[in-house]
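From first to last, the protein sequence lines are chains A and B. Residues -11 to 98 in the working numbering are what the first sequence lists, from first letter to last. Residues -11 to 98 in the working numbering are what the second sequence lists, from first letter to last. Beneath this line is the structure, given in structure tokens, with notes to follow.
2 protein chains.
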Amino acid sequence: MIETFAALSDPNRLRIVSLLREGPQPVGTIAERLSLNQPQASKHLIVLKKARLVEVEARAQQRLYRLDPAGLMAVHEWLEPYRRLWDARFTQMDEVIAQMVREETQDRKE
Amino acid sequence: MIETFAALSDPNRLRIVSLLREGPQPVGTIAERLSLNQPQASKHLIVLKKARLVEVEARAQQRLYRLDPAGLMAVHEWLEPYRRLWDARFTQMDEVIAQMVREETQDRKE
DNA sequence: CAGGAATATTCTTTCATTGGAATATACAAG
DNA sequence: CTTGTATATTCCAATGAAAGAATATTCCTG
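This is the structure:
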């Protein structure tokens, strides 16, 4: 998880991830569109790959990078226990549970 | 966004955020429970506060830190454009759209 | 198998981050 | 207004990440 967040905490890597929403791209295109030197692009992509945020497909001497759901899903799942902090659905659920507790308490008195 | 991910890319800060799921805690307790020196705990908490991942309430000489929904919600929203990569609901929606496109094409032929 | 194209790796320098130790600040109690 | 408690701040050393330049690797083409 730390590796994932670390990968996402660099401006250029965040731009790469965002760019790849358009679809798979070779390293050269990524470098060009983001005004990066080719070695920097390669290095950033490798960091993203280790974090499972991108995956790569070899096409001849090209490397086609695309988004990898695994890393992004990991972020989603990490967020899960915190979702109740802002998600209205959990507030409703909490109320339902509170009501059940009240009813349970009521049962005991009877 | 980068500040948020950077804040979450440190092991001890991640442990602090996780610990605060139990509820608000003063700095001393956080430091003790995570075996951190008090200054380190303070420093990490300040980083988390700048990223709006925690908020603080002063109670006498104590500082009560709690989770701040803002930073976590920011992560949730950043994730939004990527959700279709793994969320089955988007797959269904994509199918519905594909069907609509097919029907539209059909209309043109008639 | 020589040449060229696309990408990866290595090396170096620079800059930011982390932890530890010491110290400073804020506040409550007496 | 002094003391004790809780937290923040500063300084320093060590570690790690990022960019740039140069070079190496891989693979297609002829």
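We put the beta carbon where it would ideally sit given N, CA and C, even for glycine. Every value quoted in this text rests on a predicted model; they were computed, and no experiment measured them.
Which residues share a DSSP beta bridge with residue i?
i: A:Arg51; result: A:Ala46
i: B:Pro14; result: B:Leu52
Kindly indicate if chain A contains any beta-carbon less than 7 Å away from that of residue i.
i: B:His64; result: yes
i: B:Tyr70; result: yes
i: B:Leu7; result: no
i: B:Leu24; result: no
i: B:Ala(-6); result: yes
i: B:Ile34; result: no
i: B:Leu52; result: no
i: B:Pro(-1); result: yes
Counting only beta-carbon atoms, is residue i nearer than 7 Å to chain B?
i: A:Ala39; result: no
i: A:Met81; result: no
i: A:Pro57; result: yes
i: A:Ile4; result: no
i: A:Phe78; result: no
i: A:Met88; result: no
i: A:Leu60; result: yes
i: A:Leu67; result: yes
i: A:Ile(-10); result: yes
i: A:Pro12; result: no
My output table needs one value for residue i: the three-state DSSP class, helix, strand or coil.
i: A:Leu24; result: coil
i: A:Arg1; result: helix
i: A:Leu33; result: helix
i: A:Met81; result: helix
i: B:Met61; result: helix
i: A:Arg71; result: helix
i: B:Arg9; result: helix
i: A:Leu(-4); result: helix
i: B:Met88; result: helix
i: A:Ala76; result: helix
i: B:Ala39; result: coil
Within its chain, find whatever has a CB closer than 7 Å to the CB of residue i; leave out the 5 residues flanking it on each side and keep chain order.
i: A:Leu24; result: Asn0
i: B:Gln49; result: none
i: A:Leu2; result: Leu(-4)
i: A:Ala(-6); result: none
Just to confirm my understanding: we take residue i, look at its own chain, exclude 5 residues before and 5 after, and list those with CB closer than 8 Å. What are they?
i: B:Val15; result: Gln26, Ala29, Ser30, Leu33, Gln50, Arg51 and Tyr53
i: B:Leu60; result: Leu41
i: A:Arg77; result: none
i: A:Arg9; result: Leu55
i: B:Met88; result: none
With a threshold of 6 Å on Cβ separation, who are the neighbours of residue i within its own chain once the five nearest residues in sequence on each side are excluded?
i: B:Trp66; result: Met(-11)
i: B:Glu45; result: Leu52
i: B:Asp(-2); result: none
i: B:Glu91; result: none
i: B:Met81; result: none
Cβ-heavy atom distance between residue i and the ligand HEM below 6 Å?
i: A:Leu67; result: Of ligands this structure carries none, so the ligand HEM is not represented either.
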